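Enquirer:
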Amino acid sequence: MKIGLILGDQLSLNLPTLQHLNKSKDRLVMAEVADEATYVKHHKQKIALIFSAMRHFAVDLEKAGWQVDYYCYGEHAFRGFAALISEKYADAGELVVTRCGEYRLQHQIDRDWERCIGVPVTCLDDSRFLCSTTFFQQWAQGKKQLRMEFFYREMRRYSGLLMEGDEPAGGQWNYDSNNRQPYTGKTPLPPVLTFEHDDIDRQVLALVEEQFPSHMGSLDSFQWGTTREQAQQALAHFIEHRLPYFGDYQDAMVTGEDTLFHSLLSPYINLGLLDPMAVCQAAEQAYYSGDAPLNAVEGFIRQIIGWREYVRGIYWLLMPDYANENRLGNTRDLPACYWTGDTKMHCMAECLRNTIDHAYAHHIQRLMVTGNFALLLGVLPEAICQWYLEVYADAFDWVELPNTLGMVMHADGGYLGSKPYAASGSYINRMSDYCKHCQYDVKTASEADSCPFNSLYWHFIHRHRRQFAGNHRMKMIYGNLNRMDEAKVEAILARAQSLLADPDAL
Ligand code: FAD
Ligand code: DLZ
Ligand code: SF4
Numbered sequence: 010m011k012i013g014l015i016l017g018d019q020l021s022l023n024l025p026t027l028q029h030l031n032k033s034k035d036r037l038v039m040a041e042v043a044d045e046a047t048y049v050k051h052h053k054q055k056i057a058l059i060f061s062a063m064r065h066f067a068v069d070l071e072k073a074g075w076q077v078d079y080y081c082y083g084e085h086a087f088r089g090f091a092a093l094i095s096e097k098y099a100d101a102g103e104l105v106v107t108r109c110g111e112y113r114l115q116h117q118i119d120r121d122w123e124r125c126i127g128v129p130v131t132c133l134d135d136s137r138f139l140c141s142t143t144f145f146q147q148w149a150q151g152k153k154q155l156r157m158e159f160f161y162r163e164m165r166r167y168s169g170l171l172m173e174g175d176e177p178a179g180g181q182w183n184y185d186s187n188n189r190q191p192y193t194g195k196t197p198l199p200p201v202l203t204f205e206h207d208d209i210d211r212q213v214l215a216l217v218e219e220q221f222p223s224h225m226g227s228l229d230s231f232q233w234g235t236t237r238e239q240a241q242q243a244l245a246h247f248i249e250h251r252l253p254y255f256g257d258y259q260d261a262m263v264t265g266e267d268t269l270f271h272s273l274l275s276p277y278i279n280l281g282l283l284d285p286m287a288v289c290q291a292a293e294q295a296y297y298s299g300d301a302p303l304n305a306v307e308g309f310i311r312q313i314i315g316w317r318e319y320v321r322g323i324y325w326l327l328m329p330d331y332a333n334e335n336r337l338g339n340t341r342d343l344p345a346c347y348w349t350g351d352t353k354m355h356c357m358a359e360c361l362r363n364t365i366d367h368a369y370a371h372h373i374q375r376l377m378v379t380g381n382f383a384l385l386l387g388v389l390p391e392a393i394c395q396w397y398l399e400v401y402a403d404a405f406d407w408v409e410l411p412n413t414l415g416m417v418m419h420a421d422g423g424y425l426g427s428k429p430y431a432a433s434g435s436y437i438n439r440m441s442d443y444c445k446h447c448q449y450d451v452k453t454a455s456e457a458d459s460c461p462f463n464s465l466y467w468h469f470i471h472r473h474r475r476q477f478a479g480n481h482r483m484k485m486i487y488g489n490l491n492r493m494d495e496a497k498v499e500a501i502l503a504r505a506q507s508l509l510a511d512p513d514a515l
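Numbering-wise (our numbering), the sequence shown opens with residue 10 and increments by one.
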């Protein structure tokens, strides 16, 4: 007999493990284990989503004729998979597992498992991505600089998505110049999709409340779908109600509106409940049937076959050294508000509320508010990366790390952006209504009530002038700094220093 271990983010019926095994002879193993549930202090909703989705997937597998041994949290004494398998399956002929999303666990498997477990281990490549790690390595080889846009075009050609022969649909690869407007309220907001909890959900929610009481968040507002069918409903809901305006309002932020026109599909895609290519095909279909404009559909598809595949490629190209990068030499810890949500900065309070209540924040909230603030403060990349890995329902190291360490913190020197995404309060003011509701003044940088993003932005630009003054994309910013009155610069820097002395007071 062979056994197949199915991990919590491998909930796909086309998983290579299932193709490799024979349902009439072999057994599948799924387990909720402390090593995975506590290697960081995951948000309660993230654990609940994963456990419930795992339990529902086990039912689907049994319905499809598989024999599944499922180990529920708290009902067994194994901390991790290796101990469980060596105790229960020492007589298995082979252990089959699809390669892990995260380096941490894959490294343990490669290093220890055959020796500890005493069973031959076969690792299969994960076919659920468009771009294999080998293809990405070949693509990256010999290039001085990697750029997502060029990778994305390769993926468009390879997938055939939005291609008309050899040409991109509409004649352009990228329609971002038509996107990214602030939200004015003219377009009605989409309806909210909710799912009823079944017995499995209720059992898991009670279990998580009992076993992980000190983890972030509350389960009262748990709204995630936990089955394949619900994930499909979420996709259909997005295509009908949100996709048409996805591009227009992709970067907008509005007080009290936690999702706007975003898809909320990342947890389902990352867990394996939705196939990324099928998601893109559904969006493409909406364009060809006239239900969504090209700027929206292209922008959405780019996030999935572009950014999502690109960050995974970077992760496997550069791990494990990547996780230790800190090119800006940051040392600070995260302010307490990242856990409490308690801050006078209205933009931060809004994004943190969304995070704490829903284990969600949309991309621009993550990048330009909570991320930007950590960058401007000079937080240690390890500390902010761990936070992002803990708090979002969609967070797995392979996707979180490049986004945080690379895109937000610029700690890798620039694989995900040729310049840091550092921004002052003006950007937040342009893209949101946050500043209207804030105690701080977004128009000033050196006064006692000045927007902290403004003062810290100029401090960041000033303190990193040796790294960035030669960057041609930052020439204008350094030109502005050089032209600023010396006394004004001194006053801004002094105000920033006082903020840096006590960020918890903000
Ligand atoms: P939408 O805005 O509707 O986008 C559609 C889909 O595109 C997403 O579901 C996702 O699958 C994909 N996507 C969009 N942007 C990215 C990106 N930059 N990288 C990878 N995929 C992308 N995404 C995760 O899935 N897991 C993470 O742990 C994660 N951590 C992040 C940390 C930081 C600091 C930042 C700036 C971004 C992070 N992202 C992460 C990317 C992005 O913010 C989320 O994918 C997105 O907000 C999820 O919400 P959505 O499904 O509504 O996305
Ligand atoms: C994130 C997570 C959590 C919280 N719990 C489990 C678990 O109990 N059992 C499991 O199989 N997977 C879990 N996961 C997902 C794993 O961390 C993920 O599969 C690995 O890190 C590989 O990407
Ligand atoms: Fe955020 Fe500054 Fe605007 Fe306040 S004024 S909401 S701190 S950007």
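All C-beta atoms in this analysis are idealised placements derived from N, C-alpha and C, irrespective of residue type, glycine included. If you're wondering where the values come from, they're calculated on a predicted model, not measured in any experiment.
1) Check R472 in the structure and name its three-state DSSP category.
2) Which residue wins for smallest C-alpha separation from A431, given the options H481, W407 and G380?
3) Excluding the 5 residues preceding and the 5 following V498 in the sequence, name in chain order all residues of the same chain whose CB lies nearer than 8 Å to its CB.
4) Please say whether V213 and R321 have beta carbons closer to each other than 8 Å?
5) Let me know if G83 comes out buried or exposed under the rule of 16 or more other beta-carbons within 10 Å of its beta-carbon.
6) Just to confirm, does I278 get its C-beta within under 7 Å of one of the non-hydrogen atoms of the ligand FAD?
7) Given a cut-off of 8 Å, decide if A358 and T4 are closer than it, judged by their beta-carbon atoms.
8) Can you list every residue whose CB sits closer than 6 Å to some heavy atom of the ligand SF4, going in chain order?
9) Using 7 Å as the cut-off, classify the Cβ of A57 as near or not near the heavy atoms of the ligand DLZ, replying yes or no.
10) Over what stretch of residues does the beta strand (DSSP E) that includes E45 continue unbroken?
11) Exposed or buried, which one is R504 when buried takes at least 16 other CB atoms within 10 Å?
12) Taking the beta strand (DSSP E) that E456 belongs to, which residues open and close that run?
13) Are there three or more Cβ pairs, one per stretch, closer than 8 Å when the region 229 to 245 is compared with the region 58 to 75?
14) Nearest-angstrom Cα distance between G74 and N31?
15) Using CA atoms only, rank isn't needed, just tell me which of K195, A245, E176 and D208 is closest to L202.
16) With which residues is R341 paired in a DSSP beta bridge?
17) For the region 71 to 146, list the beta strand (DSSP E) runs that are entirely contained and at least 3 residues long, ordered along the chain.
18) Could you check what DSSP says for I15 in three-state terms: helix, strand or coil?
19) Taking C-alpha atoms, which residue in A40, H271, M262 and Y167 lies nearest to G256?
20) Three-state secondary structure (DSSP) at P200?
21) Is any heavy atom of the ligand DLZ found at a distance shorter than 7 Å from the C-beta of D257?
22) Just mark T26 as buried or exposed, buried being the case when its beta carbon has 16 or more other beta carbons within 10 Å.
23) Give me, in chain order, the residues of the same chain whose beta-carbon lies closer than 7 Å to that of W148; leave out the 5 immediate sequence neighbours on both sides.
24) Just to confirm the assignment, what range does the beta strand (DSSP E) spanning V38 have?
25) Excluding the 5 residues preceding and the 5 following L170 in the sequence, name in chain order all residues of the same chain whose CB lies nearer than 7 Å to its CB.
26) Below 8 Å on the Cβ atoms is my guess for S441 versus N463; work out the distance and round it to an integer in Å.
27) From Q76 to R108, what distance separates their C-alpha atoms?
28) Am I right that L93 and V128 are in contact with their C-beta atoms under 8 Å? What's the rounded C-beta distance?
29) Could you pull out every unbroken alpha helix (DSSP H) segment of at least 4 residues lying fully inside the region 203 to 275, listed in chain order?
30) Does the Cβ of P222 have 16 or more other Cβ atoms within 10 Å, making it buried, or fewer, making it exposed?
31) So, is H51 buried or exposed, given that buried needs 16 or more other C-beta atoms within 10 angstroms?
32) Given a threshold of 16 other Cβ atoms within 10 Å of its Cβ, counted over all protein chains shown, does V68 qualify as buried or as exposed?
Expert: Reading from the atomic positions:
1) helix
2) G380
3) For V498, where only same-chain residues beyond five positions count, the Cβ hits under 8 Å are W467, H471 and L490.
4) no
5) exposed
6) yes
7) Lying outside 10 to 515, the shown extent of the chain, residue 4 is not represented and no answer is given.
8) Those residues, listed in chain order, are M354, H355, C356, G434, I437, N438, Y443, C444, C447, Y449, V451, C460, P461 and F462.
9) no
10) E45 -> not in any beta strand (DSSP E); alpha helix (DSSP H) instead, spanning A43 to T47.
11) Its Cβ being crowded by 16 or more others within 10 Å, R504 is buried.
12) Note, E456: premise wrong, no beta strand (DSSP E); not H, not E.
13) By the criterion of at least three beta-carbon pairs nearer than 8 Å, the region 229 to 245 is in contact with the region 58 to 75.
14) 10 Å
15) A245
16) V388
17) 76 to 80, 103 to 107 and 130 to 133
18) coil
19) Taking only the C-alpha atoms, the option nearest G256 is H271.
20) coil
21) Answer for D257: no, Cβ out of range of the ligand DLZ.
22) buried
23) Hits under 7 Å: F160 and E163.
24) R36 to A40
25) C289, E293, I310 and I314, listed in sequence order.
26) Going by Cβ atoms, the distance from S441 to N463 rounds to 15 Å, so no, they are not a contact pair.
27) 21 Å
28) 12 Å between Cβ atoms; not a contact.
29) 208 to 220, 237 to 246 and 252 to 255
30) With fewer than 16 other CB atoms across the displayed protein chains lying within 10 angstroms of its CB, P222 is exposed.
31) It counts as buried.
32) exposed
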